[in-house]
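Residue numbers (our numbering): 380 to 668.
Below you'll find the structure, written out as structure tokens, and then a few comments.
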Ligand SMILES: Nc1ncnc2c1ncn2[C@@H]1O[C@H](COP(=O)(O)OP(=O)(O)OP(=O)(O)O)[C@@H](O)[C@H]1O
Ligand SMILES: [Mg+2]
């Protein structure tokens with residue numbers, strides 16, 4: 380059964396979609412079968428994979444209103460082992476149409492159960508709100524992944540997300556855990572970035588991924604080419620940071636390892652991570668990133 384990870388932060392533009400796409404792509408490159416479900420009516424994960432939002436047969440909307448089985452809505456991507464259930468503006472309607480539906484918070488969880496056997500990881504890209512789509516994502520997930528932009532207001536509004544997380548855990552999804560915090564758009568030339576990183580680490584401790592994603596023009600250019608940065612600029616600093624986040628994530632989710640080959644790979648990955656984290660720490664200490 381797939382591990383379900385939801386990329387969630389109700390703040391806009393903090394790197395949810397960029398993280399979801401690139402981590403998804405990196406996990407697929409490690410040999411795991413990955414499904415991204417685009418839960419955002421903006422459809423940025425969809426267009427970021429080069430899929431035209433205007434010509435979609437079946438989308439997350441059809442799945443959410445019960446008009447399609449998720450298996451029918453799967454859409455191949457150019458990346459091996461990476462599949463998406465795409466989305467577009469139609470999904471906005473689901474928030475309204477489902478308001479009075481019985482069990483409306485469980486729709487996605489039920490849908491995910493139908494495709495869970497076919498994937499190792501399912502990644503949910505949430506919209507910037509705590510509305511019904513995000514509640515569905517949190518109810519369907521095993522882990523909450525929080526992308527946080529390294530800026531002065533990084534932690535602002537986070538209380539609301541943590542409250543929602545606690546409410547969902549208490550009432551709808553006991554198994555939900557915080558899977559990790561991805562620090563994004565770090566500019567290591569400024570003292571502010573270091574301060575924000577320290578603050579976030581004080582708050583989330585070990586949950587913060589060792590690899591911190593730098594601000595990178597290449598990462599921001601990639602969507603206009605319909606490609607994750609990992610494909611557009613595989614050797615860039617941003618891509619490498621996301622590969623390290625993905626490796627750390629796979630190692631943390633060791634339970635998803637399915638066969639001996641993969642188990643060995645996970646051990647190797649863990650060792651690589653320890654080394655990578657040590658490098659990042661050294662570089663941070665010297666302020667050279
Ligand atoms: N590390 C980075 N360096 C530079 N630009 C970045 C980086 N990460 C993301 N961006 C850019 O910042 C913008 C917001 O990123 P993204 O779309 O991933 O955020 P989001 O949280 O999904 O936004 P929304 O809340 O609208 O869904 C995009 O234009 C993206 O290309
Ligand atoms: Mg987004």
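Just so it is clear, CB atoms sit at the ideal spot from N, CA and C, and this is done for glycine as well.
Keep in mind that this is a model prediction, so the values were computed, not measured.
For residue j and residue i, the rounded distance between their alpha carbons
i: residue 636; j: residue 426; result: Confidence at residue 636 is low in this model, with a pLDDT of 42, below 50, so the placement of that residue should be treated as unreliable; the coordinate-derived value is given next. Spanning the two alpha carbons is a distance of roughly 30 Å.
i: residue 352; j: residue 447; result: This structure gives no information on residue 352, because the portion of the chain shown stretches from 380 to 668.
i: residue 594; j: residue 544; result: 28 Å
i: residue 606; j: residue 520; result: 26 Å
i: residue 395; j: residue 582; result: 20 Å
i: residue 630; j: residue 385; result: 17 Å
i: residue 559; j: residue 466; result: 25 Å
i: residue 562; j: residue 596; result: 16 Å
i: residue 627; j: residue 588; result: 7 Å
i: residue 406; j: residue 388; result: 21 Å
i: residue 608; j: residue 618; result: 6 Å
i: residue 527; j: residue 442; result: 29 Å
i: residue 557; j: residue 548; result: 11 Å
i: residue 399; j: residue 413; result: 11 Å
i: residue 552; j: residue 493; result: 18 Å
i: residue 444; j: residue 570; result: 47 Å
i: residue 430; j: residue 604; result: 11 Å
i: residue 566; j: residue 536; result: 22 Å
i: residue 433; j: residue 554; result: 37 Å
i: residue 497; j: residue 487; result: 16 Å
i: residue 574; j: residue 455; result: 41 Å
i: residue 710; j: residue 546; result: With the chain covering only 380 through 668, there is no way to say anything about residue 710.
i: residue 564; j: residue 391; result: 14 Å
Residue i CB to nearest heavy atom of ligand 1 below 6 Å
i: residue 543; result: no
i: residue 558; result: no
i: residue 587; result: no
i: residue 598; result: yes
i: residue 572; result: no
i: residue 592; result: yes
i: residue 595; result: yes
i: residue 563; result: yes
i: residue 507; result: yes
i: residue 671; result: Residue 671 falls outside the range modelled here, since the chain spans only 380 to 668, and no answer is possible.
i: residue 536; result: no
i: residue 391; result: yes
Heavy atom of ligand 2 within 6 Å of residue i beta-carbon
i: residue 423; result: yes
i: residue 395; result: yes
i: residue 419; result: yes
C-beta contact flag for residue i and residue j at 7 Å
i: residue 469; j: residue 440; result: yes
i: residue 499; j: residue 424; result: no
i: residue 417; j: residue 504; result: yes
i: residue 449; j: residue 516; result: no
i: residue 437; j: residue 452; result: yes
i: residue 590; j: residue 623; result: yes
i: residue 415; j: residue 463; result: yes
i: residue 484; j: residue 514; result: yes
i: residue 402; j: residue 601; result: no
i: residue 620; j: residue 592; result: yes
i: residue 509; j: residue 477; result: no
i: residue 529; j: residue 458; result: no
i: residue 506; j: residue 419; result: yes
i: residue 383; j: residue 541; result: no
Test: residue i CB closer than 7 Å to a CB of chain C
i: residue 596; result: Absent from the structure is chain C; it holds one protein chain and no more.
Any chance you could list the beta strand (DSSP E) runs of at least 3 consecutive residues sitting entirely within the segment 551-603, in chain order? 556-563
Can you give, in chain order, each stretch of the beta strand (DSSP E) that sits fully within the segment 401-450 and has at least 3 residues? 413-417
May I have a chain-ordered list of the alpha helix (DSSP H) segments no shorter than 4 residues that lie completely inside the segment 460-491? 471-476
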